[in-house]
Amino acid sequence: MPIDVDVALNAELDPIEFSWASSDVQLYHLGLGAGADPMDPRELRYLVDDTPQVLPTFGNVAATFHATKPPTVKFPGIDIELSKVLHASERVEAPAPLPPSGSAKAVTRFTDIWDKGKAAVIWSETTVTAPDGTVLWTQRRSIFARGEGGFGGERGPSGGGSSDGVPDRAPDLEVDVPILPQQALLYRLCGDRNPLHSDPEFAAAAGFSQPILHGLCTYGMTCKAITDALLDGDAGAVAAYGARFAGVAFPGETLKVGIWKDSTSSEGRFLATVVAPSRDNAVVLSGVELVPA
């Protein structure tokens, strides 16, 4: 069914109510590789009982953390097969540190839908509030829907250049991020049971030599790597974080995060790219931005 832009942009989606426990936060952090050094107090801050610190990227998965089925892309004005959809970008903004447990309500709206000819790019924004109305975090997400363009909508801005906004110089810091062979099998317990990340035959049918790592796992691992390297491992010191998904990562390989301090920003933000050195520096994440609180 063709995308109906007017219907989608004016739709009022039903709010989603959800809750989470500190054990969910612990599992999420383990899925990102926390605790690799169980003697490091900074690592244990992510994993202590009852009051673990919370990376803001937990907000990107909290509402669906207990999901056991693949998601659907069926909303007013939008009805797309999941196989046509690619995750394009993700961002989270947190006005205060995320609580290690609680309940909340998520309200999502579509903000932009761009017609790229043979594909569509769909942007959504989700505001998550506590029972007293306090905004806990805001998410912004885009998906790329193959074969869904041509509906006569606006084309929208073109993609960024190869530099993705990073300075034209060597990174100020490079951090290696090793991926466990079983990383995807662990991270799938965080609410994403897509067999692309766990079933070798399914992955082969999709053209991959092995199951690939979840994009949101790479996204979260990168946030943790920057936080640990430049913010003394203080998850509460992250006000905003986002990235674009440029390629895939495989369990068992080591990624390299190149980080730049943005001297032009009054916020003291960090910019980064993530590559896979074992695959000729194939880009995995681009446009990475972390804004300190």
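Sequential numbering of the sequence shown, starting at 750, is according to the numbering used here.
Here a beta-carbon is modelled for each residue, glycine too, at the ideal position from N, C-alpha and C.
Predicted, not measured: the structure shown is a model, and the values here were computed from it.
Distance CB(residue i)-CB(residue j) smaller than 8 angstroms
| i | j | result |
| --- | --- | --- |
| Leu762 | His778 | no |
| Thr976 | Ala989 | no |
| Val1033 | Ala978 | no |
| Leu1004 | Ile928 | yes |
| Lys973 | Leu804 | yes |
| Pro801 | Pro849 | yes |
| Ile862 | Leu980 | no |
| Leu962 | Gln931 | no |
Close-in-space but distant-in-sequence residues of the same chain around residue i (CB under 8 angstroms, 5 per side omitted)
| i | result |
| --- | --- |
| Ala760 | Phe824, Pro825, Gly826, Arg858, Phe859 |
| Leu793 | Gly784, Pro787 |
Burial state of residue i, where buried means 16 or more other Cβ atoms lie within 10 Å
| i | result |
| --- | --- |
| Gly901 | exposed |
| Ser772 | exposed |
| Ser1035 | buried |
| Val915 | buried |
| Leu965 | buried |
Own chain residues within Cβ distance below 7 angstroms of residue i, not counting five before or after
| i | result |
| --- | --- |
| Glu897 | Ile752, Ile829, Lys833, Ala868, Ala869 |
| Val1037 | Thr971, Ala992, Leu1020, Ala1021, Thr1022, Val1023 |
| Glu1002 | Ile928, Ala1025, Ser1027 |
| Leu935 | Leu779, Gly780 |
| Gly851 | Ser768, Trp769, Ala879 |
Per-residue DSSP class, three states only, for residue i
| i | result |
| --- | --- |
| Leu934 | helix |
| Tyr990 | strand |
| Thr817 | coil |
| Asp691 | No answer is possible for residue 691: it lies beyond the span of the chain, which begins at 750 and ends at 1042. |
| Phe859 | strand |
| Leu776 | helix |
| Asp977 | helix |
| His946 | helix |
| Thr1013 | coil |
| Thr887 | strand |
Sequence-distant residues of its chain with Cβ nearer than 6 angstroms to residue i (five each side left out)
| i | result |
| --- | --- |
| Val1040 | Ala988, Ala989, Glu1016, Arg1018 |
| Glu766 | Lys854 |
| Val856 | Pro764, Thr876 |
Cβ distance (whole Å) where residue i is taken to contact residue j below 8 angstroms
| i | j | result |
| --- | --- | --- |
| His815 | Gly940 | 6 angstroms |
| Asp864 | Arg904 | 6 angstroms |
| Leu821 | Leu835 | A small correction: the amino acid at residue 821 is Thr; Leu does not occupy that position in the sequence shown. The Cβ separation is near 16 angstroms, so there is no contact. |
Beta carbon proximity, residue i to chain C, threshold 8 angstroms
| i | result |
| --- | --- |
| Asp881 | No chain C appears in this structure, which consists of one protein chain only. |
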